[in-house]
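Numbers in the numbering used here are just positions in the sequence shown, counted from 1, shifted up by 324. The structure appears right after this line, and notes come after that.
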Amino acid sequence: MNDSPQHDPNSPDDARAAAAFRAAMTDLRTPGDLDPDAARRRAGARRTARLALGGLVLVLIVAAGAVVLPNLFGTGRGIEPAGQPTIAQVPEKLPGDPAPSGWRTEQYRELVFQVPADWGYAYEPGPAWCAGSDGKTPRPEHRKPYVALGQPDVLPAIACQKMPDALITEHVAAIQPADKRADGRFELGNGFWEVTKTVGAVKLRAVSKDAELAQRIADTAREAGDDAPCRPEHPIAKNLEARPQQASDVRTYGVVDRIAVCQYDNGEGRTGLRAAAELTGDDAQRLIDGIAKAPANDSAACDPPPHPEGGLDIAAVLRVQSSTGLHEIVLRQQGCPSGGDTVLGGFDDGTTVHATTKATCSAVFVPPVSIQAGSGSVFDRCVPGR
């Protein structure tokens, strides 16, 4: 006599098992004969994925319960992470600078290029060159070789005549949109040469009395790739409330040795990477320690709130290389339209928007990262030396 339990194909457990097996077989979509072992493996993987997703949802719910993330600008729904930041694949380290000894790498929009390491930063004289100029001697910021990334935020409403050749100085300028001239080598006045090269929508113009030096600089111009410290585009350039694409609590970063500071133009008219800089060693660790100690900035508000299309005073991304991997922090700062001392936003690690301080915000402004115009409250807090 067989005392084993009788198999009942209509039992709920067996029905669920059969349904799961049929679903796994269907999902395999394998041509020809189906492999039952492969089906079982696929069904097991699906169960594992569901368990992992359930754990992720639980973590996100706990984090959301611990920290209330504000709508920084008082309009629309609250800020949300872009995509699934906690499962994004990211490299472990920042790329190194490929520039040869005595040179450095610059970024502007999608353009990467190299210049002599001792060149400074300034903006080209532009159409308002005559403001504060005697027409014979270059202004102080133009007397040494410099790099010009785009144009300043504020341009004087002055129309000057053609700039004298005597004011031409050695520099390289990345300009967007690119002008319509064909790329090449051109002879300027006062013994200077100009070599141009277009990459995407950006034109690089290298100006020097040494035509071969200008040519060498132009020849380094290329489109930014994975070896560039900053991404040419980031959601913060178009979405004022964009959050880090890899969320992680800044208090868990561990030892920090490098930070790539990526500043973005944002709002209507201009978007994209504006400048890239780097913090290393103690400077990098001190900034992250300061951010980690700062409270959440979830009570700051403006009445009336800033206009959502007005852009941010500061939009930057910190790519932080630490002992626990590569992390991302978004810095957004905005003052109130009515003035006052309020500063909206802060350092957002994806779990908390930490308030800025004079020390932490000003530490980000390593040349060429800069702010030339903005709300008084942001300018006072963030500009070094204020």
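We put the beta carbon where it would ideally sit given N, CA and C, even for glycine. Computed from a predicted structure; not experimentally measured.
Environment of residue i [buried if 16+ CB atoms lie within 10 Å]
i      : result
Thr461 : exposed
Arg467 : exposed
Ser699 : buried
Ala697 : exposed
Arg509 : exposed
Gly456 : exposed
Ile482 : exposed
Asp442 : exposed
Asp627 : exposed
Glu511 : exposed
Pro286 : The structure shown has nothing for residue 286, since the chain only spans 325 to 710.
Asp589 : buried
Arg582 : buried
Pro556 : buried
Ala525 : exposed
Gly674 : buried
Asp672 : buried
Residues near residue i in its chain [Cβ-Cβ closer than 6 Å; skip 5 each side]
i      : result
Glu465 : Ala446
Phe689 : Pro708
Pro692 : Tyr445, Leu473, Ala599
Gly670 : Asn621, Val677, His678, Ala679, Thr680
Asp489 : Gly513, Asn514
Gln587 : Arg598, Ala599, Ala640, Val693
Pro476 : Tyr447, Gln696
Gly459 : Pro488
Gln609 : Val580
Gly635 : Asn590, Gly591
Bridge partner(s) assigned by DSSP for residue i
i      : result
Cys586 : Ala600, Val641
Tyr432 : Leu435
Ala530 : Val496, Val519
Tyr470 : Gly444, His495
Ala624 : Paired residue(s): none; Ala624 is not in a bridge.
Trp427 : Pro440
His678 : Ala620, Phe671
Glu652 : Arg643
Val580 : Ser646
Glu511 : Trp517
Gln485 : For Gln485, which the question treats as bridged, DSSP gives no partner whatsoever.
Spatial neighbours of residue i in its chain, beta-carbon cut-off 8 Å, leaving aside the 5 residues before and after
i      : result
Gly578 : Ser646, Ser647, Thr648
Ser662 : Cys626, Asp627, Pro628
Neighbourhood of residue i by C-beta, 7 Å cutoff - its chain only, sequence neighbours within 5 removed
i      : result
Val667 : Ala624, Gln657, Gly659, Thr680, Ser701, Val702, Arg705
Gly549 : none
Pro451 : Ala483, Cys484
Arg710 : Phe703, Asp704
Ser686 : Cys706, Val707, Pro708
Asp551 : Pro419, Pro422
Leu382 : For Leu382, the pLDDT reaches just 27, beneath the cut-off of 50, and the residue's location in the model is therefore unreliable, although a value from the coordinates is still provided. Answer for Leu382: no residue qualifies.
Glu416 : Gly649, Leu650
Beta carbon proximity, residue i to chain B, threshold 7 Å
i      : result
Gly474 : This model lacks chain B altogether, as it is built from one protein chain only.
Residue i beta carbon near the ligand NAP (any heavy atom closer than 6 Å)
i      : result
Val677 : Within the structure as shown, the ligand NAP is missing, as the structure has no ligands at all.
For this session: Inspect the CB distances between the segment 612 to 627 and the segment 527 to 537 and report whether three or more fall short of 8 Å.
Result: The answer is no - the segment 527 to 537 does not touch the segment 612 to 627, with fewer than three Cβ pairs under 8 Å.
Exercise. Are the segment 492 to 504 and the segment 430 to 447 touching, with three or more C-beta to C-beta distances below 8 Å?
Worked result: Between the segment 492 to 504 and the segment 430 to 447 there are three or more C-beta pairs closer than 8 Å, enough to call the two in contact.
For this session: Determine contact between the segment 595 to 609 and the segment 566 to 573, defined as no fewer than three beta-carbon pairs at a distance below 8 Å.
Result: When Cβ pairs closer than 8 Å are counted between the two stretches, the segment 595 to 609 is seen not to touch the segment 566 to 573, the count staying below three.
Exercise. Can you give, in chain order, each stretch of the alpha helix (DSSP H) that sits fully within the segment 535 to 566 and has at least 4 residues?
Worked result: Fully enclosed alpha helix (DSSP H) runs of 4 or longer: 535 to 543.
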